[in-house]
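Counting from 1, position 225 in the sequence shown corresponds to residue 226 in this note's numbering; the numbering is continuous, with no gaps.
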Amino acid sequence: MLNRRSVLLGLAAGAVLPLPGLAQEKLSVVASFSILGDFVREIGGERVSVALLVGPDGDAHVYSPTPADAKTVAGAKLVVVNGLKFEGWLTRLIKSSGTKATIATATTGITPQKLADDHGHGHGGEDPHAWQSVANAKIYVGNVRDALVAADAAGKAIYEANAAAYLTKLDALEAEIKAAVARIPAERRKAITSHDAFGYFVKAYGIAFIAPQGVSTEAEASAKDVARIIRQIKAEKMPAVFLENITNPRLAEQIAKESGAKIGGRLYSDALSAANGPAGTYIAMMKYNISQIEKALVGGPA
2 MLNRRSVLLG LAAGAVLPLP GLAQEKLSVV ASFSILGDFV REIGGERVSV
52 ALLVGPDGDA HVYSPTPADA KTVAGAKLVV VNGLKFEGWL TRLIKSSGTK
102 ATIATATTGI TPQKLADDHG HGHGGEDPHA WQSVANAKIY VGNVRDALVA
152 ADAAGKAIYE ANAAAYLTKL DALEAEIKAA VARIPAERRK AITSHDAFGY
202 FVKAYGIAFI APQGVSTEAE ASAKDVARII RQIKAEKMPA VFLENITNPR
252 LAEQIAKESG AKIGGRLYSD ALSAANGPAG TYIAMMKYNI SQIEKALVGG
302 PA
């Protein structure tokens, strides 16, 4: 039989020990688009709850926020954004939401590449697609880690350990991409994409991409641009034209048909696929892209 002392000790213990099955409240994080969301999940693990504004296969260039997005942002503790004017609609959304969340810019510390022609898309002459270089992705990871630690100091050890493990995976990914590029003959390291999302990839890995739409999907390519690219494909014997998951395939298909280049497959540029697709995470996306590129460019004569 329990005596009074046992009951009091039991109550005291219950006051300081967590009840079985009582889950710790997760840190509420909003990521502006799917690639950032994956970085947050990898580093945050079970301590975070992640909501996306632009989901898988979504185009952040032309996204229009909804009232539900404002509510989501208002309830967040941390909002992670790309920056470099990638999300042109985000400043208005944050202001209208009235959120008290900390805003963390994942590209802080990255030297942006300059654009030869911004095509009037409002990126301020800077290419925002910095994640296409794995070296830059490591900077994203460091910024996300630091933002999570600042928002949830109790999880510091977990966030740092998760980030360190993920950085090791990114080192392996970088080596895999470089090995694949090395297997592509130098004269065949060139191709066409729908819009110019691969500038950092070009600089990091030495495969030349040209695109009729410039750096954004907001405007249609002109007939003059398309004709120029078709002439360039024929003159340089470019092997392949790639579709993108966020763009209408008709333009790339037209260019392929009129130039004689083959369709080299679909690349994931500004968004991941659904979780059960071929590019459900950042690492899966980069592996899938380089496999498609290698497969298309290593073939026989163009």
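Glycine included, each C-beta is placed from N, C-alpha and C at the ideal position.
Can you pull the DSSP bridge partners for residue i?
| i | result |
| --- | --- |
| V30 | V51, L79 |
| A61 | None, per the DSSP bridge assignment. |
| E127 | K115 |
| I264 | V242 |
| F210 | A192 |
| I104 | V80 |
What's the C-alpha gap between residue i and residue j?
| i | j | result |
| --- | --- | --- |
| Q293 | G200 | 17 Å |
| L91 | G99 | 13 Å |
| A176 | P68 | 43 Å |
| L1 | P66 | Residue numbering for the chain in the displayed model covers 2 to 303; residue 1 lies beyond these limits and cannot be assessed. |
| G126 | T106 | 18 Å |
| A183 | I291 | 11 Å |
| S97 | E88 | 15 Å |
| V227 | G261 | 14 Å |
| K288 | Y167 | 15 Å |
| V131 | A272 | One detail in the question is off: residue 131 reads as Ala in this sequence, not Val. The alpha-carbon atoms of A131 and A272 are separated by roughly 13 Å. |
| G76 | L28 | 11 Å |
| G59 | S35 | 8 Å |
| T108 | D70 | 22 Å |
| L298 | V203 | 15 Å |
| L149 | K258 | 48 Å |
| L116 | L85 | 12 Å |
| P129 | N83 | 8 Å |
| Y141 | Y283 | 12 Å |
| A180 | K296 | 13 Å |
| V74 | R232 | 47 Å |
| G46 | M239 | 43 Å |
| M286 | E161 | 24 Å |
| V31 | A151 | 15 Å |
| F210 | E245 | 13 Å |
| I104 | K235 | 47 Å |
| I178 | S33 | 26 Å |
Is residue i helix, strand or coil when you go by DSSP?
| i | result |
| --- | --- |
| K238 | coil |
| T109 | coil |
| F40 | helix |
| I178 | helix |
| L85 | coil |
| T67 | coil |
| D197 | coil |
| Y269 | coil |
| R184 | coil |
| W90 | coil |
| G22 | Bear in mind that a pLDDT of 45 at G22, under 50, signals an unreliable position, so the model cannot answer this. |
| K288 | helix |
| D153 | coil |
| G99 | coil |
| N277 | coil |
With 16 as the cutoff for other CB atoms within 10 Å, does residue i come out buried or exposed?
| i | result |
| --- | --- |
| N277 | exposed |
| R146 | buried |
| R189 | buried |
| Q25 | exposed |
| R251 | exposed |
| E1 | Outside the displayed span of the chain (2 to 303) sits residue 1, for which this structure offers no information. |
| A61 | buried |
| P57 | buried |
| E254 | exposed |
| K170 | exposed |
| A198 | buried |
| K157 | exposed |
Contact defined as beta carbons within less than 8 Å: I believe residue i pairs with residue j. What is the distance between those atoms, to the nearest angstrom?
| i | j | result |
| --- | --- | --- |
| V41 | V55 | 14 Å between Cβ atoms; not a contact. |
| L53 | V81 | Actually they are not in contact, since the Cβ atoms of L53 and V81 sit about 10 Å apart, beyond 8 Å. |
| A241 | K225 | Actually they do not touch by this definition, with Cβ atoms about 23 Å apart. |
| D153 | R48 | 6 Å |
| S134 | A205 | 4 Å |
| I44 | N163 | 5 Å |
| G281 | A275 | 7 Å |
| I256 | I230 | 6 Å |
| I193 | F243 | 7 Å |
| A102 | K72 | The pair is not a contact, with the Cβ atoms about 13 Å apart (cut-off 8 Å). |
| N137 | I159 | In fact, because the Cβ distance is near 24 Å, the residues do not count as touching under 8 Å. |
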